[in-house]
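Visitor: Heads up, the sequence shown is in the UniProt record's numbering, so the first residue is 1 and it goes up one at a time. Think of the CB as a built atom: it goes at the ideal place given N, C-alpha and C, for glycine as much as any other residue. Remember, predicted model here, so these are calculated numbers, not experimental data.
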Amino acid sequence: MPEVAVVFLVRGADPNWFVGVERFASSLNATAAGLAYKLYIILKGFASENEKAIVVSRFSSLVPVVLETQDKEFDIGAYRDALPYIEEDLVLFLNTHAEILAPYWLQKIAISMRRPGMGMVGATGSFESLSQLDGRFPTFPNVHVRTNAFMLRRQDAISMLGSLSIRSKIDAFLVESGPASLTRRFIIRGFDVAIVCRSGRSYPPPLWPSSGTFRQFDQFGLLIGDNQTRTYARAPWKEKRELVVRTWGKYLQMGNRVAWRLEQD
């Protein structure tokens, strides 16, 4: 049995769900994973049997496990609901907008995840704060692995996601970057968190601003892209600069290192 589960979520209420499916399936077929895996497809909020069949047929050669959920509790809630059906030890969660950008993508993420002391690995991370949106969010720099593409051990996913109630978009944002985010919960427990770039190099939080991934330069280091990385890529220079400052601030400058463990004390 493969040791890794790849969970791809497709949201039926997204008007561009078909584009997302085609993008992900094409990238999946074009890039070697480098590691055996079991594919799980979450059909979230699909009412049409024909549309469900279209999604499943696109991945038929991989014989995926197909799970269905209602269009409630956002992506994190759907991942939580899928966990009882997943048997593999490592679980990579990918949302509707995911696009694989480099070969051996799964092997690279899994190698980082299997390092001693590692709690959570993602394709991208950020220091951005949503404190202006809601005062509960930690102020900048708010270190967090983005939940567009992230890997956890199955038992950790069950313990951390199993009892969550996601009633609003803010609740989902809090899971990603709130005061009790997944990232912070691992850090508090003494675990490491990391992002993995296209080359396979694993970066701890102080080095995220120089990883060439999310909202940096031309994002040459991205291993898995998403809607936000594509928005940045298309943005005019002035907007790019604003996104960079919001995400990384002074930590783009050499010598400025984020105190990612101390902020949890």
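Using a Cβ-Cβ cut-off of 7 Å (strictly less than) and excluding sequence neighbours within five positions of F59, which residues of its own chain qualify?
Guide: Numbered from its first residue, the sequence shown carries residue 59 at position 59. So the qualifying residues of the chain are A25, L39, I41.
Visitor: Got a sec? Which residues, its chain only, sit under 6 Å from residue 275 by beta carbon, not counting five neighbours each side?
Guide: Residue 275 falls outside the range modelled here, since the chain spans only 1 to 265, and no answer is possible.
Visitor: If you drop the 5 nearest sequence neighbours on each side, which residues of the same chain put their C-beta closer than 6 Å to that of V175?
Guide: Indexing the sequence shown from 1 puts residue 175 at position 175. For V175, where only same-chain residues beyond five positions count, the Cβ hits under 6 Å are I76.
Visitor: Using the C-alpha atoms, what's the distance from V7 back to F140?
Guide: Against the sequence shown, residue 140 aligns to sequence position 140. Against the sequence shown, residue 7 aligns to sequence position 7. Those two C-alpha atoms are separated by around 31 Å.
Visitor: Report the rounded CA-to-CA distance for L67 versus N256, giving the unit in angstroms.
Guide: Position 67 of the sequence shown, counted from the first residue, corresponds to residue 67. Position 256 of the sequence shown, counted from the first residue, corresponds to residue 256. Pairing L67 with N256, the inter-Cα distance amounts to about 45 Å.
Visitor: Would you identify the three-state DSSP class for G119, choosing helix, strand or coil?
Guide: Here the question's residue 119 lines up with position 119 in the sequence shown. Three-state DSSP puts G119 in a strand.
Visitor: Evaluate contact between the region 104 to 120 and the region 137 to 155, counting only Cβ atoms and requiring at least three cross-stretch pairs below 8 Å.
Guide: yes
Visitor: By Cβ distance, which residues of its chain are closer than 6 Å to R215, with the 5 residues on each side in sequence left out?
Guide: The sequence position of residue 215 within the sequence shown is 215, counting from 1. Correct list, in chain order: Y232, L243, V244, T247.
Visitor: Helix, strand or coil: how does DSSP classify V143 here?
Guide: Your numbering for residue 143 matches position 143 in the sequence shown. V143 falls in the coil class under three-state DSSP.
Visitor: Strictly by DSSP, which residues pair up with K240?
Guide: Taking the first residue of the sequence shown as 1, we reach residue 240 at position 240. Paired residues: none, contrary to the question.
Visitor: If we count Cβ pairs, one from each stretch, closer than 8 Å, do we get three or more for the region 86 to 93 versus the region 153 to 162?
Guide: yes
Visitor: By Cβ distance, which residues of its chain are closer than 7 Å to K44, with the 5 residues on each side in sequence left out?
Guide: As a first step, residue 44 must be located in the sequence shown, where it is residue number 44. Within the same chain, K44 has close Cβ partners L9, V10, R11, G12, T69, D71, A78.
Visitor: Given a threshold of 16 other Cβ atoms within 10 Å of its Cβ, counted over all protein chains shown, does L133 qualify as buried or as exposed?
Guide: In the sequence shown, the residue the question calls residue 133 occupies position 133. L133 comes out exposed.
Visitor: Which value, in whole angstroms, describes the spacing of the CA atoms of H97 and I111?
Guide: By 1-based counting over the sequence shown, the position of residue 97 is 97. By 1-based counting over the sequence shown, the position of residue 111 is 111. When rounded, the distance between both Cα atoms is 24 Å.
Visitor: R136 to A102, Cα distance in whole Å?
Guide: Numbered from its first residue, the sequence shown carries residue 136 at position 136. Numbered from its first residue, the sequence shown carries residue 102 at position 102. Each residue's Cα considered, the two are about 37 Å apart.
Visitor: Over the uninterrupted alpha helix (DSSP H) stretch that includes A78, give me the two end residues.
Guide: In the sequence shown, the residue the question calls residue 78 occupies position 78. In this chain, the alpha helix (DSSP H) harbouring A78 covers 74 to 82.
Visitor: Once you ignore the five residues that flank residue 333 on each side, which residues in its own chain have a CB closer than 6 Å to its CB?
Guide: Since the displayed the chain opens at 1 and closes at 265, residue 333 lies outside it and no answer follows.
Visitor: Mapping the DSSP letters down to three states, classify G190 as helix, strand or coil.
Guide: As a working note, residue 190 is residue 190 in the sequence shown. Correct three-state label for G190: coil.
Visitor: Identify every run of the beta strand (DSSP E) within the region 156 to 234, keeping only runs that are complete inside it and at least 3 residues long; order them along the chain.
Guide: 192 to 196
Visitor: Just confirm the distance between the C-beta atoms of S177 and N227, as a whole number of angstroms; I'd bet it's less than 8 Å.
Guide: For the purposes of this step, residue 177 is taken as residue 177 along the sequence shown, with counting starting at 1. For the purposes of this step, residue 227 is taken as residue 227 along the sequence shown, with counting starting at 1. With a Cβ gap of about 17 Å, S177 and N227 do not count as contacting.
Visitor: In whole angstroms, what separates the C-alpha of L262 from that of V55?
Guide: By 1-based counting over the sequence shown, the position of residue 262 is 262. By 1-based counting over the sequence shown, the position of residue 55 is 55. Per-residue confidence for L262 stands at a pLDDT of 45, beneath the threshold of 50, marking its modelled position as unreliable; no derived number is given.
Visitor: With the cut-off set at 8 Å, would you say residue 327 and Y37 are in Cβ contact?
Guide: Beyond the ends of the chain as shown, which are 1 and 265, falls residue 327; an answer cannot be given.
Visitor: On the CB-based measure, 16 or more other CB atoms within 10 Å of its CB, does residue 282 come out buried or exposed?
Guide: Nothing can be reported for residue 282, as the shown portion of the chain is limited to 1 through 265.
Visitor: Who are the near neighbours of K169 in its chain, counting only those whose CB is closer than 8 Å to its CB and skipping five residues on each side?
Guide: Here residue 169 is taken as the residue at index 169 of the sequence shown, counted from 1. Excluding positions up to five away in sequence, the list reads F74.
Visitor: What is the rounded straight-line gap between the Cα of V21 and the Cα of I166?
Guide: Residue numbering aside, residue 21 sits at position 21 when the sequence shown is read from its first letter. Residue numbering aside, residue 166 sits at position 166 when the sequence shown is read from its first letter. Roughly 24 Å between the two C-alpha positions.
Visitor: Nearest by alpha-carbon distance to L83: which of T183, S210, V4, F191 is it?
Guide: Locating residue 83 in the sequence shown gives position 83, counting from the first residue. Of the listed residues, the one whose Cα sits closest to L83 is V4.
Visitor: Residue range of the alpha helix (DSSP H) that F18 falls in?
Guide: Taking the first residue of the sequence shown as position 1, residue 18 is located at position 18. From DSSP, the alpha helix (DSSP H) with F18 extends over 17 to 30.
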